[in-house]
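In my numbering, each number is its position in the sequence shown, counted from 1, plus 116.
All C-beta atoms, glycine included, are put in the ideal place defined by N, C-alpha and C.
Quick caveat: nothing in here was measured; it's all calculated off a predicted structure.
Here the structure is laid out as structure tokens; the discussion comes afterwards.
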Amino acid sequence: MTQRQRTVFVGRRRELEELRADIDRTGLDTLAGRKSPRSRVLLIAGRPGSGRTALAEELARRLAGDYPDGVLRARLTGADGEPVPTERTARALLTAVGAPVPAGAEEDELTAALRSALNGRKALLLLDDAAGAEQVDPLLPDESDCLVVAVSRGPLTGVPDVRPCTLGGLDKAAAIELLERYAGPTRITCDPVAASAVVEECGGQPAALVLVGGWLAACPKTSVADVATRLRQLPPAEGYDSAGRTVARAFWLAYEALPPPAARILRLLALAPAGPADAHTTSALAGCSVAAAQTALEDFAARGMLRAEPAVGHLPEQYGVPGCLAPLLRSLLESQERPAEVELARARMLERTVRQLHSCRATTETGDPLTRKRLAELPRPLRFASPRAAEEWLRGRLPALLAAARLAVEDGRLDTLARRLVSALTRALTAHLGAEEAGPELYGLHQLVLDVAQRCEMPLEKAAALLNLGDLDARAGRTRAALGRYREALDAARDASDPYAISRSLESIAAAQQELGDWQRAADWYRRALELRLTRGELADEARLYGRLGAVHTYAGQWGEALRDWRAAAAAHRRLRDLPGHARALSEIARVQEYAGRPQDALRTCREAVECARQAGDVRLQAAVRLRLADTLERLGDPAAAGVHREEAGRLLAAGPGPVPEAGGGAISAAGSPVARPAPAGGAEPAGPPGGAAAPAARRESPSTEGYLRNQ
């Protein structure tokens, strides 16, 4: 979805004028007296090699000023020739417009989000190489001010009111001009008859003319007449239509002139994930130096065999295989490279990518001397100048990195490397983007891990993938889907006999039940997780789980059980010498005592919590507990004492580090250090016990009290 370099463009004046006129032409809805409910769609139809993408790009360049919200690009056919799933395209377009992308969302949700994001905007969508209307129609904006330019082989039957522009070959003058641009003007001007013969042999197809022009430039002693003769003598390419045969013949002419090492590099570029490749990827595929790879790429671009794409920021320049040549390269790779060599090339590329990702993540940890030493020991091409450069590389190469992970998993022969790649990519994304921003990509990566784990029968890896997917489902509000994931994870963890995975699964199931408001089941699952921790003597986890049980029983209005659990949590924190955790647990005990109609006990416990927070030296915690104490005093009819504590809390918050906590409601979800998993779906917990619980009417806490304690 990045801005692309403007390639050589000649001719097509008539087509451009027709396309521009079609934008303003009255549509069927306007004729019927209605405003068009969707964007206008222009179709550029033509065979691969006809210059259809170049025409679309030129049109987009000329129209860019009319669409202030930008030009959005998406290629709907992958480097492997297969249609790109619509959900992947919609996700990429949402990212391009800066809209939030729901993790794990289905196609319908993503396309609806895309249409919503484009409402009120004036943008141009360029959808290249569409296989059919089923790929284009779900992406059409419900915004008449937007424009869609679709590129396809044939008509888009099913898309209403589409404006088709069908391409043939270039006219003679434009074809000769294009030939001159690549071959140079001298030979073309000196032999115009031979140049006309070459244009005729190429059928005016731009891709064929570019290849022939590049071949002439690389062979300065060859005359234009010789080229025409050679083209006539080449055997016809089988399995192609007339336009395809023309491009194939021109490609064979150019390919046969390559030295064997260069021809091998070109073939191996068919393995580049997501299409474009830079010198580093090419170097890994071919097993050559980066300098040799860069020289080869530049030579291929000069010959018209690759299309140079612009360098963005600090990223190196990339080179893409034109869509009309991709099937030819794949055919050459299959026929001329042994499967073992292909697998080795792919393994070299994946191994290099893993090392780059490790280096990318390590730039965020340069405070560690050991990490700095490891970074210094890496080869220079694998190092990043700064964390910002590493993040820029990660964002710019993300489509190719995700494609590499998908292809590695689908291949099935490099599962170990695939797992390492997915793990390295997950860590790099989390380190640079954060779990929330990287959520959509992480969801897909965890699904890949699940696929490998199921194929290789690895129950522990399966449990980990299911837990991570469940956490992302929970964050997105799909609590029941998350609950199903957690139950599957528990079965896998039991198969692996891993106590940590079992306990984490139990806690996750409990958190999902809690989010669904089933307090009894939530308490039951938390109790099972607690029993497992008790048998292992893991005191910090015991403290946390006692706090979660206390919170659930508070929600259910079961004050006795809640007090028992919170007291157990406080005792565990005391044994751990965790003064902040102890203070938070005491604060929750005071809350429950007040709910239970014991205000004097609540006051004593609150004062104990204030003293504990003071000893802990946690200024913000001390302020939050003082605010809770002030609330309790007010409800006991002592506003003067409440005012004193509020003033002291304000002074502490003003002097302490960090912003004042945000307002929020609800019981504390954990008494100790936060559980090492995302919060249940929805994040926030309900304010106080549910409606059916008997509790004092005046029990609302101060916003800053509640916000701070709830988030600990």
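- DSSP links residue 434 through a beta bridge to 425.
- Buried is the label assigned to residue 575, since at least 16 other Cβ atoms lie within 10 Å of its Cβ.
- Looking only at 271, 225, 718, the smallest Cα-Cα distance to residue 247 is reached by 271.
- By DSSP's assignment, residue 268 forms a beta bridge with 161, 246.
- Taking C-beta atoms as the reference points, residue 662 and residue 684 count as a pair closer than 9 Å.
- Counting of Cβ neighbours within 10 angstroms places residue 305 among the exposed residues, the total staying below 16.
- Note on geometry: alpha-carbon atoms of residue 336 and residue 374 lie some 14 Å from one another.
- Taking the C-beta atoms as reference points, residue 243 is found nearer than 9 Å to residue 251.
- Ranked by how close their Cα comes to the Cα of residue 620, the residues 631, 587, 595, 593 have 587 in first place.
- For residue 383 against residue 452, the beta-carbon gap comes to about 6 Å, under 8 Å, which counts as contact.
- DSSP, reduced to helix, strand and coil, places residue 362 within a helical segment of the structure shown.
- In this structure, the beta-carbon distance from residue 480 to residue 488 does not fall below 9 Å.
- When only Cα atoms are considered, residue 154 and residue 133 end up about 23 Å apart.
- Under the three-state reduction of DSSP output, residue 280 falls in the strand class.
- With a 10 Å radius around the Cβ and a threshold of 16 neighbouring Cβ atoms, residue 763 comes out exposed.
- By the C-beta criterion, the stretch 688 to 702 is judged to be in contact with the stretch 639 to 659, since at least 3 inter-stretch pairs fall below 8 Å.
- By the 16-neighbour rule on beta-carbons within 10 angstroms, residue 496 is exposed.
- An exposed status is given to residue 309, since fewer than 16 other beta-carbon atoms sit within 10 Å of its beta-carbon.
- In the displayed model, residue 374 falls within coil according to three-state DSSP, outside both helix and strand.
- Residue state for residue 575 is assigned as helix, using DSSP reduced to three classes.
- With fewer than 16 other CB atoms across the displayed protein chains lying within 10 angstroms of its CB, residue 485 is exposed.
- The beta carbon of residue 682 lies closer than 6 Å to those of 666, 701, 704, 705 in the same chain, with the five residues before and after it left out.
- With fewer than 16 other Cβ atoms inside 10 Å of its own Cβ, residue 532 counts as exposed.
- Around the beta-carbon of residue 709, 16 or more other beta-carbon atoms lie within 10 Å, marking it buried.
- In this structure, the alpha-carbon of residue 572 lies about 24 Å from that of residue 473.
- The straight-line gap separating the alpha-carbon atoms of residue 269 and residue 421 is approximately 21 Å.
- Assignment of residue 340 by DSSP, reduced to helix, strand and coil, places it in the helix class.
- Closest by C-alpha distance to residue 432, out of 407, 197, 203, is 407.
- Straight through space, the alpha carbons of residue 170 and residue 329 are spaced by roughly 17 Å.
- In chain order, 725, 728, 729, 732, 737, 741 place their CB closer than 7 Å to the CB of residue 699, counting only its own chain and leaving out the 5 sequence neighbours on each side.
- A direct Cα-to-Cα measurement between residue 283 and residue 322 gives close to 11 Å.
- Beyond the five residues adjoining it in sequence on each side, residue 606 comes within less than 6 Å, by CB distance, of 621 in the same chain, given in chain order.
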